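Under this note's numbering, the sequence shown has 189 at position 206, and the numbering climbs by one with no breaks.
Glycine is no exception: its CB is placed at the ideal position from the N, C-alpha and C atoms.
All values reported here derive from a predicted model rather than from experimental measurement.
Step one of this worksheet: look at the structure below.
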Amino acid sequence: MELMMVSGRQTAEERRTAVLAAAISEFARSGYAGTSTEAIAARAGISQPYLFRLFGTKKDLFVATYDLVGDRIIRELTLAGEGLEGEDALVAMGAAYVELMQDPELLQVQLHGFAAAPGDPDIARSCRRTFEVLQGMIRDRNHISDDELRNFFATGMLINVMAAIDLLSISDPWAQNLCPAPEKAQALKAVTQALEAQHRADEATNAEVPA
């Protein structure tokens, strides 16, 4: 996410939006435990005390950030399936998800949420909410079986992991057995390339910070 400087004329809601944009970038880079609220405040162009006036605690901010990412996924998949049913809707929603994951920060915030959830019931609750809303929307729209619903979610999680570990770059048979059809693999490769570009940008930023 782009650095957003906050002007004194902005409302509290506009400042919250700016802080959330900054939080997505910082949490994507360093995770829940590794991110400082000072870094988020600096990226958003506000003071750290004001950040806590807006969100209360670091955990409150992380949960709000994860919810924002989850809501975007729900919204985009809902739009992708508009006017479609059954397999056509599932394919369209799956393609929309792969497209969304080409923003590496969205993928990374998800993964950091899953990693933090076992140690924090509030973060776990936020993760479950996204799953609950998604499964309800997908089931109601497509009237699919429990097995089909589980397969859809399982494929999404496989996409997350494959992108994170760059599985498409591995030519060994075991890796190729897990890879999707060629037409889907190209889109997934774009997700991996976006993650690599984000990593290089983060390294460059870190190199500019004095030790």
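Express the C-alpha separation of Asp103 and Glu(-3) in angstroms, rounding to a whole number. 29 Å
Beta-carbon within less than 8 Å of Ile106's beta-carbon, same chain only, minus the 5 sequence neighbours each way: which residues are those? Tyr15, Lys42, Phe45, Val46, Tyr49, Gly96, Ala99 and Ala100
If you reduce the DSSP assignment to three classes, tell me which class Ser154 lands in. coil
Apart from the five residues just before and just after Val144, which ones in its own chain have a Cβ nearer than 6 Å to its Cβ? none
Quick check on Asp86: buried or exposed, where buried means 16 or more other Cβ atoms within 10 Å of its Cβ? buried
Can you tell me which of the three DSSP states Ser128 falls into? coil
Distance between Glu88 and Ile29 (C-alpha atoms, nearest Å): 22 Å
Among Phe35, Glu70, Glu21 and Thr(-6), which has the Cα closest to the Cα of Glu131? Glu70
Which residues in the same chain as Thr113 place their Cβ atom closer than 6 Å to its Cβ, once the five residues preceding and following it in sequence are excluded? Gly53
Taking the straight line between their C-alpha atoms, what separation do you get for Ile23 and Glu115? 29 Å
Does the beta-carbon of Val8 have 16 or more other beta-carbons within 10 angstroms, so that it is buried, or is it exposed? The sequence as given places Ser at residue 8; Val does not occur at that position. Label assigned to Ser8: buried.
For Gln93 and Glu68, the rounded distance between their alpha carbons: 27 Å
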